[in-house]
Structure formats: structure tokens, C-alpha cells
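Asker:
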Amino acid sequence: MGTQTTVLVTVTGGDRPGVTSALFACLTRHDVSLLDVEQVVIRGRLTLGVLVSCPNDPEALQEQLEQAMSTVDVTVEVAIGVDPKRRISSTHAIVILGSPVTAKAFSAISRKLAEQGANIDSIRGVADYPVTGLELLVTAPNTGADGDALLRTGLAEVAVRANVDVAVERAGLARRAKRLIVFDVDSTLIQGEVIEMLAARAGVEEHVRAVTESAMRGEIDFGESLRQRVATLAGLDASVIDDVAGEVQLTPGARTTVRTLRRLGYHCGVVSGGFRQVIEPLAHDLELDFVEANILEIVDGKITGRVLGEIVDREGKAVALRRFAAQVGVPMEQTVAVGDGANDIDMLNAAGLGIAFNAKPALREVADTALSHPYLDAVLFVLGVTRDEVEAADAVDGLVRRVPLEPSV
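Each residue of the sequence shown is one higher than the one before, counting from 34 in my numbering.
This is the structure:
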């Protein structure tokens, strides 16, 4: 056997039948061994790369490849002597979400990456609606906690100016190893605040809304704010709870998100400073595994204005997440928490990945990533799930059952 030469063949052009067969017919005549193959098609444009080990004359192989590829109207580039041991091992996955993602925004992000010495290894589209999503695999020079923070902080500053969302995670198997996700309910899994809907029945909605917003900004203690708000409900007929439960609207994309995550093997739950009596029907409908929420006291068919047991507050949410993880045997680094207010800070800090969803500044500052578009399925894209994967699963599932419509319960 003669000396083996490594050759990288890159084919570009319109995607059409016969391109791949013509390429490999030529490679077969030269008795090459395949080392690696990768193909991408974007809007009908093909890029096909093949790394081979050639035992014969690589120059002759190059000449014949050029002739063969000209017959199918594509361009071929041949690099001889490529190092076969060089493998790209990306350190981070970066997801850019926008409506739209402009060239100016992408340029600003790529410049920031270059400033930090990070190289973009690959780019792929993960979504075209309800937002445009691009996933970049990059190799950064600093891979420790300080390097992660530097990358995340730098890109977050650019994202604000460019009007896009940017999520940064470590690349590799750990990214797809997440197995438990917990959502806040009010203004996260659902639209609006349940306690304000109840307060509207008592004619105190404006007062309660002001207290809620102050608590979500972290200006007053959540437990005290909840007591104040619940006290205003005293005397309401308990039947209003069922009325409000029937009016709850899911956040757009919520049903798709939960359905998809369950297919992927996630345990899904909710942790809420709201009320179990309202949330449990929703949790049953979505087939959630866990529910943690406050319980309104009801005596003789009336809401008393008090909460039973310990209040699910900021600390209590993190405790619930840890308890759920222990129950299903999932390490905390494999958990995800999604929320919108200061009351979610401890929970997001405790999770392996904390996602702030249309959040108050107090939460955005501590979250691993922040999403500003009103579609909960953007969480899927952050986790590396593409829109095509979601739709393919829905298409298969649709053969055996009707997929529920969004966003109503």
C-alpha cells in the first residue's frame, strides 16, 4: 500500500439529484476511504464536504473531481494534505433570537465574539417562526466560570443594542442532558396574574396590581405582599376560583413547549406564588408531573382572605425545585427554571439553567439567559431543539391524536 494522503473535497452549488452520486462515483474509482462527511442545504443551495484518505495520486483525483462535478453544474474545491486529526470541539452554544435577526445584529455579535478571541465553528438555523433563531457553535479561549461570565455579559450588552435575545450555554452532551424543567405560572406559563383576576371580582384590581408589580420588582417582601393581596379577597364566593380557572390563557407556545419537552423525556412542573385551586386543572390538562403553589383558605364556601400552610415565596420556589429534582433523581445541573419576577431569583440561581422570560430587571440581571419575545417556545430553541424537530414530531403524533390548538387551555 502506498502513502495515504488526506484530501478535503468541498462541493457547492444548486441542490439537485445526481450530485452526490457523481461525487462518490469518482471517489470510488480512486479507492479512497471516508473519514468524515457533512452536508448542508440552505434554500436549495448545497454545501457538501467529504474528508477522504487517498492511497493514490491526489492530483489526479482532483482533476477527475473537477471534470465530474462540472457535468452536474456545481463547483468543487480540493484541499490536499489536510490534518485528519484536527477536530472542532466547540466550547459554547450561542442561540440568537430575533424578529427579525438583521445582518447588523449578527455582525455586532460576531465582532464581539472576535474581540473575546472566540471562533465561530458552525452556524445553523433553528427556527423561522414565531421568531428567527440561529445557533452558533463557538470555541472560546476561556472556558472556566470567569470566561463564561465574560462571554455572556459581553453578548448581553450587544443583544440589548441590537434588539435580539442571545443565550449562551456550554456546548457538548451536557446541553442535551437536561431532564427537569420548572415554570413559574403567572406571566410565564400563562398570560397575566391570577390574583389580579380574582381581585377584579372583589373590585380591588388596581390596588392588587400595584402591590404585585412592586413585589415582582423586588421592592417588597413577596410573603408580606401576598398576605396583603389575599386579604382583599376576603368574603368572595369560592365559585369565582372556578370562573377564573376557566378564563386562564396560556402564553403562546406554552402547550407546544410542554408537549415537546415531555416527548424528549423531560419531567415538567410548575412552582407558583399563585394558588393551587386555579393551577391544578391547568397542570392536569398539560400532564405536568409536579405542582407547588399556595392554597387559599375557604370556609363555608367563602374565601377567608388567608393562605393555608407555608407561603411559596422566593426561597420556597428554590426548595420546591430541589425537591422535585431529588424525587426523580435528576442532578441540579440537569434542571431548567423559567420565570419572570424577582420572586423567581432563587429558583433560577439554583437551576442548572435559569431562563428569564419577559422578566423584570431584577431577574434578568441574575439569569443565565433572558428572552424578551412573548413566545414560550423560544425556550425550546435555547435548549437546542429546532422548529423542524418540533413540527416533525407533531406530524407523526398527529397520525394518532389531534394536536391541541394554541394558546387557549
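Just so you know, even glycine gets a beta-carbon here, dropped at the ideal spot from N, CA and C.
Can you give, in chain order, each stretch of the beta strand (DSSP E) that sits fully within the stretch 91–156 and has at least 3 residues?
Answerer: The stretch 91–156 contains these whole beta strand (DSSP E) runs: 108–113, 125–131.
Asker: Rounded to whole angstroms, what's the CA-CA distance from V199 to A267? Just pull it up for me.
Answerer: So the two alpha carbons sit approximately 44 Å from each other.
Asker: Using the C-alpha atoms, what's the distance from E99 back to D427?
Answerer: Approximately 43 Å, taken between the alpha carbons.
Asker: Roughly how far, in whole angstroms, is the beta-carbon of T43 from the beta-carbon of G114, given that I think they are within contact range, below 8 Å?
Answerer: About 15 Å separates the two Cβ atoms, so there is no contact after all.
Asker: Please classify L169: is it buried, with 16 or more other beta-carbons within 10 angstroms of its beta-carbon, or exposed?
Answerer: L169 comes out buried.
Asker: Count the CB pairs spanning the stretch 284–298 and the stretch 401–417 that are closer than 8 Å, and state whether there are at least three.
Answerer: The answer is yes - the stretch 401–417 touches the stretch 284–298, with three or more Cβ pairs under 8 Å.
Asker: Please state if the CB of F323 and the CB of F357 are separated by a distance shorter than 8 Å.
Answerer: It is a contact, given that the beta carbons lie within the stated cut-off.
Asker: Between G166, S155, T186, which lies nearest to T172 when the distance is taken from Cα to Cα?
Answerer: Here the closest residue by C-alpha is S155.
Asker: Taking 8 Å as the cut-off, does the stretch 334–344 touch the stretch 267–276 (at least 3 CB pairs, one atom from each stretch)?
Answerer: At 8 Å Cβ cutoff, the stretches touch.
Asker: Quick check on the DSSP output: what are the complete beta strand (DSSP E) runs of length 3 or more inside the stretch 205–249, in order along the chain?
Answerer: Those beta strand (DSSP E) runs which fall completely within the stretch 205–249 and span 3+ residues are 213–216.
Asker: Is the CB-CB distance between G166 and G177 below 8 Å?
Answerer: Going by C-beta atoms, G166 is not nearer than 8 Å to G177.
Asker: Rounded to a whole number of angstroms, what is the C-alpha to C-alpha distance between P440 and E313?
Answerer: The predicted position of P440 is uncertain, since its pLDDT is 38 and thus under 50; no value can be drawn from it.
Asker: Comparing alpha-carbon positions, which option in D373, N152, P133 lies nearest D161?
Answerer: Nearest option by C-alpha distance: P133.
Asker: Taking contact to mean 3 or more Cβ pairs, one atom from each stretch, closer than 8 Å, check whether the stretch 64–80 and the stretch 125–139 are in contact.
Answerer: Too few Cβ pairs lie closer than 8 Å, so no.
Asker: Between which two residues does the beta strand (DSSP E) containing V85 stretch?
Answerer: Per DSSP, V85 belongs to the beta strand (DSSP E) from 78–87.
Asker: Mind checking K137: buried by the 16 CB within 10 Å criterion, or exposed?
Answerer: That one is exposed.
Asker: Between the stretch 176–195 and the stretch 222–231, do at least 3 Cβ pairs fall closer than 8 Å?
Answerer: No: the two stretches stay apart, fewer than three of their Cβ pairs being nearer than 8 Å.
Asker: Quick one, are the C-beta atoms of D346 and N376 less than 8 Å apart?
Answerer: In this structure, N376 lies closer than 8 Å to D346 by Cβ.
Asker: May I ask which residues mark the beginning and end of the beta strand (DSSP E) holding R49?
Answerer: Element bounds for R49: n/a, residue is neither H nor E.
Asker: Expressed to the nearest angstrom, what Euclidean distance is found between the alpha-carbon atoms of L315 and A278?
Answerer: Between L315 and A278, the C-alpha separation is close to 8 Å.
Asker: Sort V291, V65, C59, G131 by Cα distance to S103 and report the nearest one.
Answerer: Of V291, V65, C59, G131, the residue nearest in Cα terms is C59.
Asker: If contacts are defined as beta-carbon pairs under 8 Å, then A384 and A370 qualify, I think. What distance do you get, rounded to the angstrom?
Answerer: Sure, about 4 Å apart at Cβ, within 8 Å.
Asker: Which residues share a DSSP beta bridge with L329?
Answerer: The partner list for L329 (beta bridge, DSSP) reads V340.
Asker: Straight-line CA distance for R203 to V191?
Answerer: Spanning the two alpha carbons is a distance of roughly 19 Å.
Asker: Using the rule of at least 16 other Cβ atoms within 10 Å of the residue's Cβ for burial, across every protein chain shown, is D373 buried or exposed?
Answerer: The residue is buried, with at least 16 neighbouring Cβ atoms inside 10 Å.
Asker: With A173 as the anchor, note down where its beta strand (DSSP E) starts and where it stops.
Answerer: Taken as a continuous stretch (DSSP letters only), A173 belongs to no beta strand (DSSP E), as it is neither H nor E.
Asker: Is V164 helix, strand or coil when you go by DSSP?
Answerer: V164: coil per DSSP, three-state reduction.
Asker: Tell me where the alpha helix (DSSP H) around V415 begins and ends.
Answerer: Residues 411–415.
Asker: Which term fits L396, buried or exposed, when burial requires 16 or more other beta carbons within 10 angstroms of its beta carbon?
Answerer: So L396 ends up on the buried side.
Asker: Please state whether the Cβ-Cβ distance between L79 and G47 is less than 8 Å.
Answerer: Going by C-beta atoms, L79 is nearer than 8 Å to G47.
Asker: Less than 7 Å separating the Cβ of A160 from some heavy atom of the ligand GDP?
Answerer: This structure does not include the ligand GDP; it has no bound ligands of any sort.
Asker: Looking at the structure shown, is A75 part of a helix, part of a strand, or coil, going by DSSP?
Answerer: Sequence inspection shows Ile at residue 75; the Ala mentioned does not correspond to that position. It is a strand residue.
Asker: For H300, collect the residues of the same chain with a Cβ closer than 6 Å to its Cβ; drop the 5 residues on either side in sequence, then sort them by chain order.
Answerer: Excluding residues within five positions, the ones whose Cβ falls inside 6 Å are L213, D322, V361.
Asker: Any idea what DSSP makes of M34, helix, strand or coil?
Answerer: Per-residue confidence for M34 stands at a pLDDT of 47, beneath the threshold of 50, marking its modelled position as unreliable; the derived number appears in the next sentence. Coil at M34, not helix or strand.
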